[in-house]
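Engineer: Going down the list, the protein sequences come from chains L and H. So the first sequence is numbered by our numbering: it starts at 1 and just counts up by one. So the second sequence is numbered by our numbering: it starts at 1001 and just counts up by one. Every residue gets a Cβ at the ideal spot worked out from N, C-alpha and C, and that includes glycine. Quick one: structure below, then a few questions.
2 protein chains.
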Amino acid sequence: MYTETAMLGLDVPLRASERAYRQLRGEILNGLLAPGAALLEVEQAERIGVSRTPLREAVARLIADGLVVGRRGRGFEVTDISVDSISELYELRQALEVQASRLAATRRDPAPFLKLRDAFLTAPDLLDQGDIGVHRYYVLIDELEDAVDAAVENPFLVGALHAVRTHLARIRRLARRNPLRLRAAAGEHLLIIDAIIAGDPLLAGHATHIHLHQSLLSVLAAIDAGSATSRSTTTAD
Amino acid sequence: MYTETAMLGLDVPLRASERAYRQLRGEILNGLLAPGAALLEVEQAERIGVSRTPLREAVARLIADGLVVGRRGRGFEVTDISVDSISELYELRQALEVQASRLAATRRDPAPFLKLRDAFLTAPDLLDQGDIGVHRYYVLIDELEDAVDAAVENPFLVGALHAVRTHLARIRRLARRNPLRLRAAAGEHLLIIDAIIAGDPLLAGHATHIHLHQSLLSVLAAIDAGSATSRSTTTAD
DNA sequence: CAACCACTCTTTGTATACAGAGACTCTTCG
DNA sequence: CGAAGAGTCTCTGTATACAAAGAGTGGTTG
């Protein structure tokens, strides 16, 4: 997710519409543009430093992504995230990720998953190392997702997964990390990886099912706690 | 699918970009714009009768839909449909429709499905009535899809399903109808409907799985036959 | 004769100017 | 005092003009 463009530093010549899209998308995802925030074309165009034409193209893409909705006569607005929508998103996510795990188990080249297995075995140590360790753990999860995507070899499925992950990124911001949950999630990931290495699609699917079930429970609990108390909560994965 | 806007004749005030989008989308879906066809902005804008600005917006949406891809310095082009991509699409479709069937079985209001059950019982008769009967059968399938969508009550999942159905519409054009397959499909649909009425998510999911398996087999066989002989084949659903 | 370079031409990408639709406000009337 | 209506004003939707990037072509040179 973070590797979108920054991995290689070749953002030298970039279309204005692309710049506007990435900036707005990033700001929505990291919460700088909060749900419900109004997007005025001229205002945003001036802020980003492009004209209205490319900005409109960027907004159109954001609408297609489901991050923005048009309000009838009064501009656009960042979509909001309800608790209901989280459960709904997870219903879609589960369908997609379970299928992806199954296919990955069927088609995988074992090599990258063996590497990932070793890496995930060190996850508990990583999670003892504070924020940098947590960050490196999240990088590991990204790598796992990438490995699954590559093994699945299905542009339609991978595309749908990407769309889901876009919304997930916003949800993760609603709640803080819970070290206990992260440790448990690492174990669940290991189970998925092992199933993929073993070439066992049924097991991979079920392990993914369980993982997402726990993940959703954790997210919902974190949000409940977050809205009850002020701001000391938990997140999934 | 056909009911998008034409059902009620209120296409009086329509934005130019929306007109361009619907026209291009329709022409791609019904094959008038064949895979590989080049889309030049000025050319298409003049043909449709809008300026380049709304046309670009329309093309952007088509790209998001996966119906069009940009070629670096040489305009845009309608995406093509390979046999591989059909199987890939069905892998995604299966994940989504199985999940949708399960959720529909869990949440359904039985009433519309009881009506659909009666209607599908008459499907064999319908399929004896030639093209108009076949057409009415396809309308039935649309109504079933709509009923499932409504029962699922999940915008994310339904949205993903819509995207898949867009591509399916193109695939259906690749092969002719096979009356035998249609009759069998009607039986499979009945099974799905019964499972939803019974509120049995597991059964609904499995019935959907089987239906899509058969559907894919039929489509692939139809395309094989169609490319072997000249043009007398079969299609699914 | 082939390969490379420069030029032109096509086509996209961007900016800006204009028009129209909808919302808000202020006023007026009941 | 409230509600309705007209006017204004803001913001989107569209068109067009301009700029720049890439591809194709022709010529020239080794």
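(1) Rounded to a whole number of angstroms, what is the C-alpha to C-alpha distance between L/L33 and L/T79?
(2) Only counting the same chain, and skipping five residues up and downstream in sequence, which positions put a Cβ closer than 8 Å to that of H/H1209?
(3) Can the beta-carbon of H/L1116 be found closer than 9 Å to that of H/I1193?
(4) With DSSP run on the structure shown, which of helix, strand or coil describes H/I1028?
(5) For H/R1064, which residues in chain L fall below 7 Å Cβ to Cβ?
(6) Identify, in the order they occur along the chain, each residue of the same chain with its Cβ nearer than 7 Å to the Cβ of L/G9, setting aside the five sequence neighbours on each side.
(7) Taking just the CA atoms, how far does L/D125 sit from L/A119?
(8) Taking CB distances under 9 Å as the criterion, tell me whether L/Q99 reaches chain H.
(9) Is DSSP giving H/V1164 helix, strand or coil here?
(10) With H, G and I counted as helix, E and B as strand and the rest as coil, what does DSSP make of L/L96?
(11) Apart from the five residues just before and just after H/V1042, which ones in its own chain have a Cβ nearer than 7 Å to its Cβ?
(12) Can you tell me which of the three DSSP states L/A38 falls into?
(13) When DSSP builds the beta bridges, which residues end up paired with L/G70?
(14) At a cut of 8 Å, does the region 213-222 of chain L reach the region 97-113 of chain L through at least three beta carbon pairs?
(15) Span of the alpha helix (DSSP H) holding H/L1190?
(16) Please report the straight-line C-alpha distance between H/E1018 and H/L1168, rounded to a whole angstrom.
(17) Short of 7 Å Cβ to Cβ, which residues in the region 156-178 of chain L face chain H?
(18) Output the distance between the C-alpha atoms of H/G1159 and H/V1148, rounded to the nearest integer angstrom.
(19) What is the rounded straight-line gap between the Cα of L/D146 and the Cα of L/E153?
(20) Using a Cβ-Cβ cut-off of 9 Å, state whether H/L1182 counts as contacting chain L.
(21) Does the beta-carbon distance from H/S1101 to H/A1185 come in below 9 Å?
(22) Could you say which of H/S1087, H/L1062, H/P1179 and H/A1038 lies nearest to H/F1076 if we only look at CA atoms?
(23) I need the straight-line Cα distance from L/R172 to H/I1086, nearest angstrom please.
(24) Is the CB of H/R1117 under 9 Å away from at least one CB in chain L?
(25) Are there 16 or more other CB atoms within 10 angstroms of the CB of L/L24, so buried, or fewer, so exposed?
(26) When the cut-off is 9 Å and only beta carbons count, does L/Q129 lie next to chain H?
Structural biologist: Quick answer:
(1) Here residue 33 of chain L corresponds to residue number 33 of the first sequence, with the count starting at 1. Here residue 79 of chain L corresponds to residue number 79 of the first sequence, with the count starting at 1. Going from the Cα of L/L33 to the Cα of L/T79 covers about 10 Å.
(2) Position 209 of the second sequence, counting from 1, holds the residue named residue 1209 of chain H. Correct list, in chain order: Q1094 and V1098.
(3) The count along the second sequence starts at 1 and reaches residue 1116 of chain H at position 116. The count along the second sequence starts at 1 and reaches residue 1193 of chain H at position 193. A contact, by the Cβ cut-off of 9 Å.
(4) The residue given as residue 1028 of chain H occupies position 28 in the second sequence. Looking at H/I1028 - three-state DSSP - the assignment turns out to be helix.
(5) Position 64 of the second sequence, counted from the start, is the residue given in the question as residue 1064 of chain H. Residue identity differs from the one stated: residue 1064 of chain H is Ala in this sequence, not Arg. Ordered by position in chain L, the residues that pass the 7 Å Cβ test against H/A1064 are R61 and A64.
(6) Here residue 9 of chain L corresponds to residue number 9 of the first sequence, with the count starting at 1. Model confidence at L/G9 stands at a pLDDT of 43, short of 50, so the residue's coordinates are unreliable and nothing is read from them.
(7) Here residue 119 of chain L corresponds to residue number 119 of the first sequence, with the count starting at 1. Here residue 125 of chain L corresponds to residue number 125 of the first sequence, with the count starting at 1. For L/A119 and L/D125, the distance between alpha carbons rounds to 10 Å.
(8) Within the first sequence, the letter at position 99 stands for residue 99 of chain L. Interface residue, yes.
(9) Here the question's residue 1164 of chain H lines up with position 164 in the second sequence. Residue state, collapsed to three classes: helix.
(10) For this step, residue 96 of chain L is matched to residue 96 along the first sequence. Note: L/L96 maps to helix in three-state DSSP.
(11) Translated into positions along the second sequence, residue 1042 of chain H becomes position 42. Around H/V1042: R1052.
(12) The residue you call residue 38 of chain L lines up with position 38 of the first sequence. Three-state result, L/A38: strand.
(13) On the first sequence, position 70 is the one that residue 70 of chain L refers to. In the DSSP output, where bridge partners are listed per residue, L/G70 has L/F76.
(14) no
(15) The residue given as residue 1190 of chain H occupies position 190 in the second sequence. Counting along the chain, the alpha helix (DSSP H) containing H/L1190 begins and ends at P1179 to A1198.
(16) If you number the second sequence from 1, residue 1018 of chain H lands on position 18. If you number the second sequence from 1, residue 1168 of chain H lands on position 168. Answer to the nearest angstrom: the Cα atoms are 22 Å apart.
(17) F156, L157 and A160
(18) Here residue 1159 of chain H is taken as the residue at index 159 of the second sequence, counted from 1. Here residue 1148 of chain H is taken as the residue at index 148 of the second sequence, counted from 1. H/G1159 and H/V1148: Cα-Cα distance of roughly 13 Å.
(19) The sequence position of residue 146 of chain L within the first sequence is 146, counting from 1. The sequence position of residue 153 of chain L within the first sequence is 153, counting from 1. Between L/D146 and L/E153, the C-alpha separation is close to 11 Å.
(20) The residue you call residue 1182 of chain H lines up with position 182 of the second sequence. Chain L contact via Cβ: absent.
(21) Counted from its first residue, the second sequence places residue 1101 of chain H at position 101. Counted from its first residue, the second sequence places residue 1185 of chain H at position 185. The answer is no: Cβ separation not under 9 Å.
(22) Locating residue 1076 of chain H in the second sequence gives position 76, where the first residue counts as 1. Of the listed residues, the one whose Cα sits closest to H/F1076 is H/A1038.
(23) Stepping through the first sequence from its first residue, residue 172 of chain L is reached at position 172. Stepping through the second sequence from its first residue, residue 1086 of chain H is reached at position 86. Rounded to the nearest angstrom, the two C-alpha atoms are 34 Å apart.
(24) Here residue 1117 of chain H refers to the residue found at position 117 of the second sequence. Not closer than 9 Å to any Cβ of chain L, the Cβ of H/R1117 fails to qualify, so no.
(25) Translated into positions along the first sequence, residue 24 of chain L becomes position 24. Flag for L/L24 reads buried.
(26) As a position in the first sequence, residue 129 of chain L is number 129, starting the count at 1. Not one chain H Cβ lies under 9 Å of L/Q129.
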